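Sequential numbering of the sequence shown, starting at 20, is according to the numbering used here. Even glycine gets a Cβ: it sits at the ideal position worked out from N, Cα and C. Since the model is a prediction, treat every value here as computed from it, not as a measurement. To keep things clear, I will list the structure first and then write my remarks on it.
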Amino acid sequence: CVLCGRTDDCPEKYGEKRTYVAYNLTVHYYCLLMSSGIWQRGEEDEGVDGFLIADIRKEVNRAAKLKCNICKKKGASIGCVAPKCKRSYHFPCGIQKECIFQFMEDFRSYCWEHKPVQKFSDKESRGTSQCTICLDLLEQLPMYTVLKSPCCKNAWFHRECLQYQALSAGIFFFRCSVCNNKDKFQKEMLRMGIHIPEKDASWELEENAYQDLLQCYQHCDIKRCLCKKGRDYNEPDSKWEIKRCQCCGSRGTHLACSAMKSWEQNWECMECRSILAKSGNYSKQKKRSLATSENTDGTTCLLEEPSPKCPRQSPGSQRNFLLQSPKIMCQNNLSPCSHREHPASNRVTMSLSPLMSNRNCSLRKKHLREKRREVSNILKELKLQVNTKTTRLNINAENIWNSALKGFRQRNFNATNTIEIKFTNCKNRSKTDTSAASKHHFFQLLMLHLQNSSLFEGSSAKNLSLDFQAVKENLYFEAGKMIAVSLVHGGPSPCFFSKTLFNCLVYGPENVKPALEDVADVDVARTIKMIKYANSLSSLQSAVHDCYEFLAAAGCLRPITSLCDKNMLVNDILNHHVIKRIISPLESFRQGLKTLGVLEKMQMHPDAFSSILCHKPERLSAETICDLFTIHSSSDVNKVEGADFWMGYLQDVESGESVVTLEDILLFVTGSISIPPIGFDPKPTIKFLHIRYPVGNRLLNCLELPITKTYDQFKNKMEFTIRNTLRVERE
């Protein structure tokens, strides 16, 4: 290596060793990255990953004059960044002497005396513990070879184990192996000199790594298989089609062998059925053989909970997925209920695809859903602070901000009281519009107003703006308080925070690096682009001269001696405009978010809260609505096919074959057009009654549905009632 002079080829310690015959050059990648006098001035495909060959030669000549403080040989290209420290050393020598090299931002290096160390409180126990990765014993001491997790109290690691894991997992999958925290863990490990490469995980790059997932179980496991062509014979859309267990997927049956109809989707193997029975989620009928018995009169079935594992949607078709049977709870004793066929036009078929075509999109949506469920539980925990004492807010919907501000600032307002909303400008408000529905409506209007107010700037992902009048009136504090109260009291989430704003709130502004996308001011963005994309020293100096007054006012003026100075200048402008300029509003906003302990929970669970503050809510689907409602059935309506009509209707609405939308249905029942992060209280339910038209009971979040003989009657009544009720409310 031209920089360290060693012949070692150890990618884990020194980075990839590269030889360029045309330039008579060999260099370790880490030696090049950490050298103090060189920057990436070229494009990624130029020179060595953006390091120009001429610049590398200059750095070699510069280092040739410096003696290593460790091995005493010339060529020490790396210097300690601590003020007044003049130590220089080779990269391998620094590793040997336990120096710290930070593979982030400016790629700083610290000598053995000035290196950062992890802080340990006196209360923490000393002794031995297991490395969480290799499980070998290690001493719980603040030393170079041992690192402690910043997010887990008793998680300890060997530095070498962590480095190997980081190289294998990459930046997308490297996280604490105990609590799975990513952001806080990566930040601390980068500070302590762990290199986390910007690449996908090694197991993701392995060819055909997921080949086994493409194998679909095709075997009939029924004791008496009736198929003459054998247990492995499978003919789709016939009685010899193999249906897999909806719970485990590792057992199967021919439709004929289990006396199933082609449209029936729910089947559990004996093992899963016994587990469900023990857990109380499965009610047995009188013993009968699955292989020989058949539902001849269409009136007997098992009342069952849906499987915890729902089949995935098959790619390519909007309607090609299975709507699971909703949760059915009999008010009296469990008894048989009817299951007739759907009308032919309303049948839902499913192709069980073990691997979706767009796996990354599916995983991302699944991850967001998991995080939103986690947030729901956290907010329910915070809601335990809310007592039964009520505070009434008189709200004018036409002047939502001023009336909300007046209500939140009144003397008797307390965030821990139950909030009641009364709209003062609605004389003819519907009697069915309960306090809960009014509260939903109020918080929806309030979040919409905040999104479009002068307190925030940006298009979709917003940051705080600088409004001096709002600072003077302490409106940023009130905005943060309103958002916190909305989250805990069952209102919607803002959903418009930028990642930069969220990180400032959670990690502190000093630890956040803004990007050009965070700049909403067109003129400032244009100025930054002129500087960022200057391709020569003269054009850079000209750009700086043109915006001299702006840079002086922002405190970002610096001498421009080379083209690479533009990067630091751009970072200074971004940091000033996006963060330093609004530091006072940001602090007020943070104080407001501390209401009811919301900010503290955000800092403890950043990934979870990011899913509701930085992402729009998932679009409603028939499956989401179906899972949201619990069906209550009584003994006198067991033979009515209400559940089948309900699920078929949801499918028609989702596919656009109805004049109402899924949001209309949710609004009709709950008074809200979206599912709040905390969920609904009480949980939405459905009752089938002998009534003429559907009724939405918003006080109980209960949808009362009429019992009809045909699906067309059910659909017509639903559409007539929902459309006209909502039209009257809007008027």
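Which listed residue (the options) has its alpha carbon closest to that of residue i
i: E536; options: M289, I579, S196 and G477; result: G477
i: I579; options: V563, D591, N594 and L593; result: V563
i: C171; options: D125, M623 and N522; result: M623
i: L681; options: L465, T643 and T151; result: T643
i: I502; options: L245, V617, Q404 and I419; result: V617
i: A544; options: C583, H596, L506 and A573; result: H596
i: E606; options: V589, T409 and Y526; result: Y526
i: A573; options: I190, V165 and N590; result: N590
i: N716; options: I710, T704 and T727; result: T704
i: N482; options: L403, L647, I602 and N433; result: I602
i: F120; options: S148, K384 and R178; result: R178
i: K103; options: H459, Y129 and C90; result: Y129
i: V136; options: L154, T164, V672 and I694; result: T164
i: A434; options: E738, V405, F461 and L224; result: V405
i: A733; options: W665, G675 and R749; result: Checking the sequence shown, residue 733 turns out to be Phe, not Ala. Measuring from the Cα of F733, the nearest candidate turns out to be W665.
Collapsed DSSP secondary structure at residue i in the structure displayed
i: D452; result: Because the pLDDT at D452 is just 43, under 50, the model does not fix this residue reliably, and the value given afterwards should be weighed accordingly. Coil at D452, not helix or strand.
i: L166; result: strand
i: V617; result: helix
i: Y129; result: strand
i: V46; result: strand
i: G113; result: helix
i: V21; result: coil
i: C13; result: Because the chain is modelled from 20 through 750, residue 13 falls outside the range shown and cannot be assessed.
i: W665; result: helix
i: V136; result: coil
i: L576; result: coil
i: I89; result: coil
i: W286; result: coil
i: V747; result: helix
i: I57; result: coil
i: D120; result: Note on identity: in this sequence residue 120 is Phe, with Asp being the wrong assignment. Of the three classes helix, strand and coil, the one that applies to F120 here is strand, per DSSP.
i: L474; result: coil
i: E637; result: coil
i: M466; result: helix
i: V589; result: helix
i: F628; result: helix
i: S674; result: coil
i: L52; result: helix
i: L570; result: helix
i: D423; result: With the sequence shown as reference, residue 423 is identified as Ala, and Asp is not the correct amino acid for it. Residue state, collapsed to three classes: helix.
i: M279; result: coil
i: N418; result: helix
i: Y552; result: coil
i: C583; result: coil
i: F739; result: helix
i: Q429; result: coil
Per DSSP, the bridge partner or partners of residue i
i: K441; result: N413
i: S107; result: G98
i: L401; result: Per DSSP, none; premise fails for L401.
i: E158; result: T147
i: R383; result: Bridge partners of R383: none, in fact.
i: V67; result: F70
i: G10; result: The chain is shown only over 20 to 750; residue 10 falls outside these bounds and no answer can be derived.
i: K36; result: H47
i: W175; result: C150 and K167
Contact test: residue i Cβ vs the ligand ZN heavy atom, cutoff 7 Å
i: A480; result: This structure lacks the ligand ZN, and indeed carries no ligand of any kind.
Proximity test, Cβ basis, 8 Å: residue i and chain B
i: F569; result: Note that chain B does not occur in the displayed structure, where there is just one protein chain.
Inter-stretch contact (C-beta, 8 Å, three-pair minimum) for the stretch 21 to 34 and the stretch 100 to 117: yes
Any alpha helix (DSSP H) of 4 or more consecutive residues that is wholly inside the stretch 190 to 268: 202 to 210 and 221 to 224
The stretch 28 to 48 contacting the stretch 560 to 574, beta-carbon criterion three pairs below 8 Å: no
Segments of 4+ residues assigned as alpha helix (DSSP H) that fall wholly inside the stretch 689 to 735: none
The stretch 547 to 556 touching the stretch 505 to 519, judged by at least three CB pairs closer than 8 Å: no
The stretch 481 to 500 in contact with the stretch 672 to 687 per 3-pair CB rule at 8 Å: no
Alpha helix (DSSP H) runs wholly inside the stretch 476 to 544, at least 4 long, in chain order: 487 to 491, 494 to 507 and 518 to 526
Inter-stretch contact (C-beta, 8 Å, three-pair minimum) for the stretch 263 to 273 and the stretch 229 to 249: yes
Validate contact between the stretch 416 to 427 and the stretch 630 to 648 using beta carbons, cut 8 Å, 3 pairs: no
Inter-stretch contact (C-beta, 8 Å, three-pair minimum) for the stretch 216 to 223 and the stretch 188 to 195: yes
Three CB pairs or more closer than 8 Å across the stretch 58 to 73 and the stretch 91 to 103: no
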